[in-house]
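Numbering-wise (our numbering), the sequence shown opens with residue 1272 and increments by one.
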Amino acid sequence: MTIFTVARNAMRPAYLPTMAHKVYLRVRHGHDRERKAALGWAGAHAQDLDAWGRRADPALWAESVEFARRLAESAGPKVDQVAAAGVDLGGPGGVELLYFLTRSLRPAVALETGVAAGWSTAAILGAVAANGAGQLYSSDFPLFRISHPERYIGCVVPEELRGSWSLHLKGDRRNLPEILSRVQEVGLSHYDSDKTRGGREYFLRRVKSHTGPRHVLVMDDVQDNLVFREHVARQPAFRVFSYQGKFIGLTGPGLAAVERGGR
1272 MTIFTVARNA MRPAYLPTMA HKVYLRVRHG HDRERKAALG WAGAHAQDLD AWGRRADPAL
1332 WAESVEFARR LAESAGPKVD QVAAAGVDLG GPGGVELLYF LTRSLRPAVA LETGVAAGWS
1392 TAAILGAVAA NGAGQLYSSD FPLFRISHPE RYIGCVVPEE LRGSWSLHLK GDRRNLPEIL
1452 SRVQEVGLSH YDSDKTRGGR EYFLRRVKSH TGPRHVLVMD DVQDNLVFRE HVARQPAFRV
1512 FSYQGKFIGL TGPGLAAVER GGR
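In structure tokens:
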């Protein structure tokens, strides 16, 4: 990161409001006291993801694990290229879970926040292609610490999957109203963007009126604060999975059907 790069990106009208908001949130929430309690709660409720998937639908879980393996293999050269440029976009978190859920729920509309390299995006789009129908709407904001950051967003998403993808790059608070004005009902939501309490609560409020009777929410890094715990107190069921040293939360009225193998 260079001061010059940040300043140059801040000069772009589409970037400045979201950049300023992100800086404010990091200053305000940098020492969140909730994290210790949230980490303890998530750890106490965590299940083994692989065991859960095999119980829910063994054949579909095996397909999902194989998709994750093939994606990691095909994305290898692109990952190496990005790493060589000194850019860290994070790893392939929850690919098999997102593929599995999308295949099981067969949502007409899926929504995700936080794209980065596009691992979760590729998982959902791969399942959409296997289903033969569906559309993914993604909300992201380019990494303003690097030069020309848009070129890296979704870089591991195969070209042949992009026809069912609508990508929005103005940040959640500008993207979500625009996306949700176009859709009636969201069948699957994946939240992996602003991990602060305010960011999570805004997302939950904004999508609430657009979720249907089979909706499932996936929320990454639920150990960062207590928002997911508070949210699931009003839900019929939830799951927490330990994944690569962090915790993924899963809830929604469609969870029961997923665990019955989509029936």
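Note that beta-carbon positions come from the ideal geometry of N, C-alpha and C, so glycine has one too.
Start and end of the beta strand (DSSP E) containing residue i?
{"i": "Glu1383", "result": "1380–1384"}
{"i": "Gly1520", "result": "1517–1522"}
{"i": "Val1511", "result": "1509–1514"}
To which residues does DSSP link residue i through a beta bridge?
{"i": "Gln1406", "result": "Val1380"}
{"i": "Ser1537", "result": "Residue 1537 is absent from the structure shown; the chain starts at 1272 and stops at 1534."}
{"i": "Leu1438", "result": "Ser1409"}
{"i": "Gln1318", "result": "Phe1512"}
{"i": "Thr1392", "result": "None; Thr1392 has no bridge partner."}
{"i": "Thr1467", "result": "Thr1467 pairs with nothing; no bridge assigned."}
{"i": "Thr1482", "result": "Val1457"}
Just to confirm, is the Cβ distance from residue i to residue j under 8 Å?
{"i": "Gly1458", "j": "Ala1381", "result": "yes"}
{"i": "Val1353", "j": "Ala1388", "result": "yes"}
{"i": "Arg1306", "j": "Gln1494", "result": "yes"}
{"i": "Gly1364", "j": "Asp1465", "result": "no"}
{"i": "Ala1527", "j": "Ala1508", "result": "yes"}
{"i": "Thr1392", "j": "Leu1407", "result": "yes"}
{"i": "Gly1405", "j": "Ser1437", "result": "no"}
{"i": "Arg1468", "j": "Ala1309", "result": "no"}
{"i": "Glu1456", "j": "Ala1327", "result": "no"}
From this set, the options, which residue's C-alpha is nearest residue i's C-alpha?
{"i": "Thr1482", "options": "Gly1525, Ala1343, Gly1532, Arg1471", "result": "Gly1525"}
{"i": "His1502", "options": "Ser1464, Tyr1462, Leu1475", "result": "Leu1475"}
{"i": "Arg1485", "options": "Pro1448, Glu1472, Gly1523, Ala1343", "result": "Gly1523"}
{"i": "Ser1359", "options": "Ser1435, Pro1420, Ala1379, Trp1323", "result": "Sequence inspection shows Asp at residue 1359; the Ser mentioned does not correspond to that position. The shortest C-alpha separation from Asp1359 is found at Pro1420."}
{"i": "Gln1506", "options": "Ala1343, Lys1441, Tyr1514, Lys1479", "result": "Lys1479"}
{"i": "Ala1346", "options": "Gly1361, Cys1426, Leu1331, Ser1335", "result": "Cys1426"}
{"i": "Ser1335", "options": "Trp1323, Thr1384, Leu1369", "result": "Leu1369"}
{"i": "Arg1471", "options": "Leu1414, Lys1349, Ile1450, Asp1443", "result": "Asp1443"}
{"i": "Pro1378", "options": "Gly1361, Ala1394, Thr1384, Val1399", "result": "Val1399"}
Starting from residue i, follow the alpha helix (DSSP H) in both directions and report where the run begins and ends.
{"i": "Leu1432", "result": "Counting along the chain, Leu1432 falls outside any alpha helix (DSSP H), and DSSP gives it neither H nor E."}
{"i": "Ala1535", "result": "An answer regarding residue 1535 cannot be provided, because it is not within the stretch 1272 to 1534 covered by the chain."}
{"i": "Glu1501", "result": "1498–1503"}
{"i": "Ile1450", "result": "1443–1451"}
{"i": "Leu1214", "result": "The structure shown does not extend to residue 1214, since the chain is modelled only from 1272 to 1534, so the question has no answer here."}
{"i": "Lys1349", "result": "1329–1355"}
{"i": "Val1529", "result": "1526–1530"}
Cβ of residue i less than 8 Å from any chain C Cβ?
{"i": "Arg1433", "result": "Reference to chain C is not applicable here, since this structure consists of a single protein chain."}
Throw me the rounded Cβ distance for the residue i and residue j pair, which I believe falls under 8 Å.
{"i": "Val1428", "j": "Leu1396", "result": "7 Å"}
{"i": "Leu1497", "j": "Tyr1462", "result": "About 15 Å; that fails the 8 Å criterion."}
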